[in-house]
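S.K.: Numbering (the working numbering), first residue to last: 1095 to 1380.
There's a structure below that I have some questions on.
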Amino acid sequence: MDAWPAVKPVNLRNLEEIKEVDDAPRASRLGALVLASLATAAIVTATFVANRGDGAPAISKVDPLAALVASARNEAPVERIDGSELKFPAVLSDAEEPTTALAAVKDERGRLVPQTSSAEPPGPPPAADRLPVVPLPVGNLLGATPVTTEPKDPLTALAANASKVPEGAALAPPGSQGGYELQVASFKTQQEAEALVEDLRRRGHRAYRQAAYVPNRGLWHRVRIGPFDSRGEALRYKTQFEQNERLTPFLIDPAKVKRAEEIRRQKLREEERRRRGAKAVVRLVD
């Protein structure tokens, strides 16, 4: 009789460990299947919602460009502003109409009376190599405008009367040459220059007349104010003079005048030297 093979003893504790090891993979596989099912359901739901939301856009039956053109045609025309209705030029002009302040009181609509058409300005002077020196008119140069001599409205009349100088007003002392000066005007005749000098002195300015020979132009009479001790003093007086008298003089710098005189004398010496050289050549030829 054959003998049974020897069987090794089995440890029950090891059998329980083997059983626990075999059950663990089954639980993990079941969790993976559940997660995969949930993910698939979420993807299907999202795809369905996306396909349901997509659709052809609504087509508008109204043309936007045509609507804009129609609205532009239906708009009221833009009101054109006439130049005669502007209030600021009306103050500067001398037309027979009230000033802006008086018009605002008298006119309920706030509009000025249309101005009459003025004459066209004269054409430009003929072209030339040099600008001509035009003498200023004789007389009261500082007030020789129709706005001040013949005011048309009350405010301008008040301003003109306030700026008038009494006939018997004392004359300011005359000025003299030297230092910084202000040149107001230049005249061809002495009478015109003297008339302006007297008018300026009556207004309190130290004016005087200076005769000067201008090359290729002859004798001219300059009307100047001064002298002043410094350039700054002359510039401050120039600013105040422009505000009060409505004239724009220019500054005479003695250093620049001296330099210009030296250049002029040098040119005269060179011209004289050339003339003498030309005469010497003529004598040798003869």
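For each residue, glycine too, the CB sits at the ideal point set by N, CA and C.
Work out the CA separation of E1365 and I1319 for me, nearest whole Å.
M.R.: Their backbone Cα atoms lie some 34 Å apart in a straight line.
S.K.: Put R1318 into one of helix, strand or coil per three-state DSSP.
M.R.: R1318 falls in the strand class under three-state DSSP.
S.K.: Helix, strand or coil for A1164? Go by DSSP, reduced to three states.
M.R.: DSSP places A1164 in helix when its eight states are reduced to three.
S.K.: From the DSSP output, which residues share a beta bridge with V1308?
M.R.: V1308 pairs with G1312.
S.K.: Using a Cβ-Cβ cut-off of 6 Å (strictly less than) and excluding sequence neighbours within five positions of S1165, which residues of its own chain qualify?
M.R.: Closer than 6 Å at Cβ, skipping near neighbours: no residue.
S.K.: Extract the residue ranges of the beta strand (DSSP E) inside the segment 1262-1298, only unbroken runs of 3 or more that lie entirely within it.
M.R.: Listed in chain order, the complete beta strand (DSSP E) runs (minimum 3 residues) inside the segment 1262-1298 are 1274-1281.
S.K.: If K1332 sits next to L1276, beta carbons under 8 Å apart, how far is it from one beta carbon to the other, in whole angstroms?
M.R.: Right, the Cβ-Cβ distance comes to about 6 Å (below 8 Å), so this counts as a contact.
S.K.: Can the beta-carbon of Q1304 be found closer than 8 Å to that of R1316?
M.R.: Their beta carbons are under 8 Å apart, which means Q1304 touches R1316 by this criterion.
S.K.: Where does L1345 sit, in a helix, a strand or coil, going by DSSP?
M.R.: Of the three classes helix, strand and coil, the one that applies to L1345 here is strand, per DSSP.
S.K.: For R1303, name the three-state secondary structure that DSSP assigns.
M.R.: Strand, per DSSP.
S.K.: Report the residue from L1313, I1357 and R1369 whose alpha carbon sits nearest the alpha carbon of Q1284.
M.R.: When each option's Cα is compared against that of Q1284, the closest is L1313.
S.K.: I1137 to S1131, Cα distance in whole Å?
M.R.: Distance between the alpha carbons of I1137 and S1131: 10 Å.
S.K.: Smallest Cα separation from K1282: which of K1361, L1362, E1356 and V1308?
M.R.: Of the listed residues, the one whose Cα sits closest to K1282 is V1308.
S.K.: Got a sec? Which residues, its chain only, sit under 7 Å from T1342 by beta carbon, not counting five neighbours each side?
M.R.: So the list reads E1336, once near-sequence residues are dropped.
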